[in-house]
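Worksheet: the structure to be examined is printed underneath.
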Amino acid sequence: MSKISLNIFKRISDFEWEISPDFRSDMRVPVRFFASRRLLEESLDDKSIEQAINASTLPGLVGTVMVMPDMHQGYGFPIGGVAATDPVDGVISPGGIGYDINCGVRLLAARISLPEVEPWLKGLATMLNQNCPSGVGVGSDLRLSESQLAEACMLGARWAKKHGYATEADLRHTEENGCLRGANPEKLSKRALQRGRSQLGTLGAGNHFIEVDLVAEVFDPEAAQRMGLQKAYIAVQIHTGSRGFGHQICTDYVRRFQPAIHKYGIKLPDKQLVCAPIESPEGQDYLGAMRCGANFAFLNRQLITDRVRMTFEDVLAGKVDDWHLKLVYDLAHNIGKFEKHLVHGEKREVCIHRKGATRAFGPYSEGIPEEYADIGQPVLVPGSMGTSSWVLTGTKASMERSFGSSCHGAGRVMSRSQAKREVWGEDLLKRLEKSGIEIRAGSMPGLAEEAPEAYKDVDQVVESVVGAGIAKKVVRLTPLIVIKG
Amino acid sequence: MVDHGYEEVKHTADLALRVWAADFHTLLIQSALGMYAMIGVQQQKDQLVTHVLRLQKASREVILVDFLNELVFLLEEEHQFYDHFIFNDEETMVAIEMKGYQVASYNRQIKAVTFHNLEIIERPQGLETTITFDI
Numbered sequence: 000m001s002k003i004s005l006n007i008f009k010r011i012s013d014f015e016w017e018i019s020p021d022f023r024s025d026m027r028v029p030v031r032f033f034a035s036r037r038l039l040e041e042s043l044d045d046k047s048i049e050q051a052i053n054a055s056t057l058p059g060l061v062g063t064v065m066v067m068p069d070m071h072q073g074y075g076f077p078i079g080g081v082a083a084t085d086p087v088d089g090v091i092s093p094g095g096i097g098y099d100i101n102c103g104v105r106l107l108a109a110r111i112s113l114p115e116v117e118p119w120l121k122g123l124a125t126m127l128n129q130n131c132p133s134g135v136g137v138g139s140d141l142r143l144s145e146s147q148l149a150e151a152c153m154l155g156a157r158w159a160k161k162h163g164y165a166t167e168a169d170l171r172h173t174e175e176n177g178c179l180r181g182a183n184p185e186k187l188s189k190r191a192l193q194r195g196r197s198q199l200g201t202l203g204a205g206n207h208f209i210e211v212d213l214v215a216e217v218f219d220p221e222a223a224q225r226m227g228l229q230k231a232y233i234a235v236q237i238h239t240g241s242r243g244f245g246h247q248i249c250t251d252y253v254r255r256f257q258p259a260i261h262k263y264g265i266k267l268p269d270k271q272l273v274c275a276p277i278e279s280p281e282g283q284d285y286l287g288a289m290r291c292g293a294n295f296a297f298l299n300r301q302l303i304t305d306r307v308r309m310t311f312e313d314v315l316a317g318k319v320d321d322w323h324l325k326l327v328y329d330l331a332h333n334i335g336k337f338e339k340h341l342v343h344g345e346k347r348e349v350c351i352h353r354k355g356a357t358r359a360f361g362p363y364s365e366g367i368p369e370e371y372a373d374i375g376q377p378v379l380v381p382g383s384m385g386t387s388s389w390v391l392t393g394t395k396a397s398m399e400r401s402f403g404s405s406c407h408g409a410g411r412v413m414s415r416s417q418a419k420r421e422v423w424g425e426d427l428l429k430r431l432e433k434s435g436i437e438i439r440a441g442s443m444p445g446l447a448e449e450a451p452e453a454y455k456d457v458d459q460v461v462e463s464v465v466g467a468g469i470a471k472k473v474v475r476l477t478p479l480i481v482i483k484g
Numbered sequence: 000m001v002d003h004g005y006e007e008v009k010h011t012a013d014l015a016l017r018v019w020a021a022d023f024h025t026l027l028i029q030s031a032l033g034m035y036a037m038i039g040v041q042q043q044k045d046q047l048v049t050h051v052l053r054l055q056k057a058s059r060e061v062i063l064v065d066f067l068n069e070l071v072f073l074l075e076e077e078h079q080f081y082d083h084f085i086f087n088d089e090e091t092m093v094a095i096e097m098k099g100y101q102v103a104s105y106n107r108q109i110k111a112v113t114f115h116n117l118e119i120i121e122r123p124q125g126l127e128t129t130i131t132f133d134i
């Protein structure tokens, strides 16, 4: 294999680059990168490109492996990777979905202007932090029995509707209406159920957050209006996933698949890429369990939404005209799903693995809510703490060129230890507060790890997907309150 | 180089730990201690705990991942930390008698121990590996 450098890429456009399958003998398909030259060059510093090449060795891949501009080194797949496999001849890889199954983000729109909310921001931050369980080792006050958890896994966000924590509109504005069909709780280990019972309705730690934002700039007024987003008004983002429940499901199946690759004669360059044929008993069991994890995560974000809404009412009722929060959209960025996509000009069903990448369906695609049909699905791109976040929409080109996928965030450039060496949590807190952001954080070292300088410039990431035509700008958000576990 | 130890190595998004030891059991112990150090565990020294872990025999890499994932589970669910280990090889299992403490708090959550490029390499001084943790 040649050394990985810019020379190995064929330039398709200013924002698209490709590595031919001739580059390494075990590659089955090309790898395509959506990135500016600068972001691509920066990615040469870690192992994300090598990991994308490794992902292109999976059996039964169709089309090309795609990598988004927020790519960075993960384990097995790179973060920012999208791969499609054939449902009959292809495989499913738990590592291509990740441990935090259906880690995702949702955006809520408010009819509250900045001047209205400004006097109450401190109190709102404190109460959000108090009412929404977050942080390392913090459990939920909602304790489900095993049978209740199994039901929640089958219903996803619909479980929240059944118990009064969600509206019909919330479900309509969630990817897959908040419930993947085919979840099978019988395929979960006792241990996964044990971890899941105490963690539903919790944010967790690391890069998970609740953020109250200001709509700072509007690029597509029609789409913004449709989503209920208005300049100088506020919005709320919630970023979390399936917690220990999803981690345990992935751990169980990555372990179970280690011998399975020998059984099915699959050779891989990295043990973390382990996979099994989709139609095999191992593949079917994983799909049943993984969908439980995905539904748990949809429900988890919905339950946190209920707490956020309750907090807005407690703090703002009687002080602002309308304190209600409307769900704009909820989407997954670590998931495996069957979708129909164009492959060499033919529409066919494929098993999409998205690992640190979001669905970005274009106008008139199946599966997006009626009110967004002509504008395309909202694509939520949270930035790093203290920087912009973006709302985009999927495009016709994303359906044709990226399996209806786009970027999921800023993407790290600095390791956590380097961030802690270079940034003091207390200094960062002061700096962010000086710029007008209310921060509530579980720990100062944890805050330092998430410093803005540890991430790529999210604006550059967005310019890349927009430049490539796979997403369109709608609004830019800036943070007012950040709650971190 | 001392005959056993661990050090955190660079990883963009997650955590990676290089571990070395003269033999496999010491490598397991050093991996556990290194992982706990990265997590930042505060123990309650007056609350002793014991546990016997039974792992199926498999390749060294699989035993290493199984062992650490068990410790992650015991930390998260039972709030237990272990730093004394006695290994007993049985016919199809490895039994590990463990002693430690109840945990007061910890700073970082580890989602899982991965198999990413995991290989236990034999060096003239013993064994060495690099473990990647999803956090």
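Chains A and B, in that order, give the protein sequences. For the first sequence, numbering that gives the first Met the number 0 begins at 0 and goes up steadily by one. For the second sequence, numbering that gives the first Met the number 0 begins at 0 and goes up steadily by one. From the three backbone atoms N, C-alpha and C, an ideal C-beta is built for every residue, glycine too.
Checklist line | Strand pairing of His352(A), partner residues [DSSP] | finding: In the first sequence, counting from the first residue as 1, residue 352(A) sits at position 353. When DSSP reads this structure, His352(A) sits in a beta bridge with Ala82(A), Gly335(A).
Next item on the list: Give every residue of the same chain whose Cβ lies closer than 6 Å to the Cβ of Ala331(A), excluding the five residues on either side of it in the sequence, and list them in chain order.
Entry: As a first step, residue 331(A) is located in the first sequence; it is residue number 332 there, counting from the start. Cβ contact annotation for Ala331(A) (same chain, cutoff 6 Å, sequence separation greater than five): Asn101, Gly103, Glu174, in chain order.
Check: Within 9 Å (strictly less), CB to CB, does Phe80(B) reach chain A?
Finding: Numbered from 1 along the second sequence, position 81 holds the residue referred to as residue 80(B). No - not a single Cβ of chain A is within 9 Å of the one on Phe80(B).
Margin query: For a contact defined as C-beta to C-beta under 8 Å, what are the partners of Ala204(A) on chain B?
Written below: By 1-based counting over the first sequence, the position of residue 204(A) is 205. Using a Cβ-Cβ cut-off of 8 Å, Ala204(A) is close to Arg107, Gln108 of chain B, given in chain order.
Note to self: On the DSSP letters alone, give me the boundaries of the alpha helix (DSSP H) that Glu145(A) sits inside.
What the structure shows: Here the question's residue 145(A) lines up with position 146 in the first sequence. Counted as a single uninterrupted DSSP element, the alpha helix (DSSP H) harbouring Glu145(A) occupies residues 145-154.
Next item on the list: Return the residue from the list Val30(A), Gly245(A), Ala231(A), Ser12(A) that minimises the CA-CA distance to Glu117(A).
Entry: Along the first sequence, one-based indexing puts residue 117(A) at 118. Distances from the CA of Glu117(A) to each of Val30(A), Gly245(A), Ala231(A), Ser12(A) were compared; the closest alpha carbon is that of Ala231(A).
Margin query: Starting from Met289(A), trace the alpha helix (DSSP H) in both directions and tell me its first and last residue.
Written below: By one-based count along the first sequence, residue 289(A) stands at place 290. Where Met289(A) is concerned, the enclosing alpha helix (DSSP H) stretches over 280-315.
Check: So what's Ser58(B) in DSSP terms, helix, strand or just coil?
Finding: Within the second sequence, numbered from 1, the residue matching residue 58(B) stands at position 59. The answer is coil: DSSP assigns Ser58(B) none of H, G, I, E or B.
Margin query: Just list the residues that DSSP pairs Lys346(A) with in beta bridges.
Written below: By 1-based counting over the first sequence, the position of residue 346(A) is 347. Beta-bridge pairing by DSSP links Lys346(A) to Leu341(A).
Notebook entry, point to check: Between the C-alpha atoms of Tyr81(B) and Ile3(A), what's the straight-line distance to the nearest angstrom?
Noted result: Start at 1 with the first residue of the second sequence, and residue 81(B) comes out as number 82. Start at 1 with the first residue of the first sequence, and residue 3(A) comes out as number 4. Distance between the alpha carbons of Tyr81(B) and Ile3(A) is about 42 Å.
Note to self: Tell me which residue opens and which closes the alpha helix (DSSP H) that Gln417(A) is part of.
What the structure shows: Residue 417(A) sits at position 418 when you count from the first residue of the first sequence. Where Gln417(A) is concerned, the enclosing alpha helix (DSSP H) starts and stops at 415-421.
Next item on the list: Report the neighbours of Ile134(B) on chain A: residues whose CB is nearer than 7 Å to its CB, in chain order.
Entry: In the second sequence, the residue the question calls residue 134(B) occupies position 135. Listed along chain A are Gly205, each with a C-beta nearer than 7 Å to that of Ile134(B).
Checklist line | Thr125(A), enclosing alpha helix (DSSP H) - first and last residue | finding: One-based indexing of the first sequence puts residue 125(A) at position 126. Where Thr125(A) is concerned, the enclosing alpha helix (DSSP H) stretches over 120-130.
Next item on the list: Compare the C-beta of Pro444(A) with all C-beta atoms of chain B and state if any pair is closer than 9 Å.
Entry: Against the first sequence, residue 444(A) aligns to sequence position 445. It does: the Cβ of Pro444(A) has a partner Cβ on chain B nearer than 9 Å.
Next item on the list: Ignore the nearest five residues each way along the sequence and tell me which others in Cys178(A)'s own chain have a CB closer than 7 Å to its CB.
Entry: On the first sequence, residue 178(A) is found 179 positions in, with the first residue counted as 1. So the list reads Leu154, Gly155, Ala156, Arg157, Asn294, Phe297, once near-sequence residues are dropped.
Check: Would you say Glu75(B) faces chain A, with C-beta separation under 9 Å as the test?
Finding: In the second sequence, residue 75(B) corresponds to position 76, counting from 1. So yes, Glu75(B) belongs to the interface.
Item checked: Cβ-based contacts, 8 Å cut-off: residues of the segment 267-281 of chain A near chain B -> Here the close residues are Asp269, Lys270, Gln271, Val273.
Notebook entry, point to check: Could you give the distance in angstroms between the alpha-carbon of Ser42(A) and the alpha-carbon of Met70(A)?
Noted result: For the purposes of this step, residue 42(A) is taken as the residue at position 43 of the first sequence. For the purposes of this step, residue 70(A) is taken as the residue at position 71 of the first sequence. The alpha-carbon atoms of Ser42(A) and Met70(A) are separated by roughly 7 Å.
Check: Where does Ser397(A) sit, in a helix, a strand or coil, going by DSSP?
Finding: Mapped onto the first sequence, residue 397(A) falls at position 398. Looking at Ser397(A) - three-state DSSP - the assignment turns out to be helix.
Check: So, is the C-beta of Glu96(B) closer than 9 Å to a C-beta in chain A?
Finding: As a working note, residue 96(B) is residue 97 in the second sequence. By this cut-off, Glu96(B) is not an interface position.
Margin query: Given a cut-off of 9 Å on the beta-carbon distance, is the pair His238(A) and Glu210(A) in contact?
Written below: Start at 1 with the first residue of the first sequence, and residue 238(A) comes out as number 239. Start at 1 with the first residue of the first sequence, and residue 210(A) comes out as number 211. Result yes, Cβ atoms of His238(A) and Glu210(A) sit closer than 9 Å.
Note to self: So, with DSSP's three-state summary, where would you put His246(A)?
What the structure shows: The sequence position of residue 246(A) within the first sequence is 247, counting from 1. Three-state DSSP puts His246(A) in a helix.
Check: Leaving out five residues before and five after Ala83(A) in sequence, what residues of the same chain have Cβ atoms less than 6 Å from its Cβ?
Finding: Counting from one through the first sequence, the residue named residue 83(A) turns up at place 84. For Ala83(A), where only same-chain residues beyond five positions count, the Cβ hits under 6 Å are Val61, Gly62, Val349, Ile351, Phe402.
Next item on the list: State yes or no: is the beta carbon of Ser104(B) nearer than 9 Å to at least one beta carbon in chain A?
Entry: The residue labelled residue 104(B) in the question sits at position 105 within the second sequence. Contact of Ser104(B) with chain A is assigned, a C-beta pair being separated by under 9 Å.
Item checked: Contact list for the segment 65-99 of chain A against chain B, Cβ threshold 7 Å -> Of all residues in the segment 65-99 of chain A, His71, Gln72, Gly73, Tyr74, Gly75, Ile78, Tyr98, Asp99 have a Cβ within less than 7 Å of some Cβ in chain B.
Next item on the list: Could you pull the start and end residues of the alpha helix (DSSP H) that His24(B) belongs to?
Entry: On the second sequence, residue 24(B) is found 25 positions in, with the first residue counted as 1. Looking at the DSSP string, the run of the alpha helix (DSSP H) that includes His24(B) is 23-38.
Checklist line | Neighbour flag for Thr91(B) against chain A, beta carbons, 9 Å | finding: Residue 91(B) sits at position 92 when you count from the first residue of the second sequence. So, not an interface residue.
Next item on the list: Please name the residue in Leu73(B), Trp19(B), Leu26(B), Val51(B) whose C-alpha comes closest to that of Asn87(B).
Entry: As a position in the second sequence, residue 87(B) is number 88, starting the count at 1. Comparing alpha-carbon positions, the option among Leu73(B), Trp19(B), Leu26(B), Val51(B) lying closest to Asn87(B) turns out to be Val51(B).
Check: So which residues of chain B does Glu416(A) contact, with C-beta pairs closer than 7 Å?
Finding: Here residue 416(A) refers to the residue found at position 417 when the first sequence is read from its first residue. Per the sequence shown, the amino acid found at residue 416(A) is Ser instead of Glu. Within chain B, the residues placing a beta-carbon under 7 Å from that of Ser416(A) are Glu7, ordered along the chain.
Check: Residues of chain D with CB under 7 Å from Thr131(B), in chain order?
Finding: Included in the structure are the protein chains A and B, with no chain D among them.
Check: Between the C-alpha atoms of Ala34(A) and Ser364(A), what's the straight-line distance to the nearest angstrom?
Finding: Here residue 34(A) is taken as the residue at index 35 of the first sequence, counted from 1. Here residue 364(A) is taken as the residue at index 365 of the first sequence, counted from 1. As the crow flies, the alpha-carbon of Ala34(A) is around 25 Å from that of Ser364(A).
Notebook entry, point to check: What in chain B is Cβ-close to Val412(A), meaning under 9 Å?
Noted result: The residue you call residue 412(A) lines up with position 413 of the first sequence. Within chain B, the residues whose beta carbon sits less than 9 Å from that of Val412(A) are Thr11, listed in sequence order.
Check: Looking only at C-alpha atoms, which of Gln42(B), Asp2(B), Thr131(B) sits nearest to Ser100(B)?
Finding: The count along the second sequence starts at 1 and reaches residue 100(B) at position 101. First, the residue type needs correcting, since residue 100(B) is Tyr and not Ser in the sequence shown. Comparing Cα positions, the closest option is Gln42(B).
Item checked: Alpha carbon of Arg430(A) to alpha carbon of Val481(A), nearest angstrom -> Counting from one through the first sequence, the residue named residue 430(A) turns up at place 431. Counting from one through the first sequence, the residue named residue 481(A) turns up at place 482. Going by C-alpha positions, Arg430(A) is about 13 Å away from Val481(A).
Check: Considering Ala15(B), what are the terminal residues of the beta strand (DSSP E) in which it resides?
Finding: Here residue 15(B) refers to the residue found at position 16 when the second sequence is read from its first residue. Where Ala15(B) is concerned, the enclosing beta strand (DSSP E) stretches over 14-20.
Checklist line | Length-filtered (3 minimum) beta strand (DSSP E) runs lying within the segment 140-227 of chain A | finding: If we require 3 residues or more, the beta strand (DSSP E) runs fully inside the segment 140-227 of chain A come out as 208-217.
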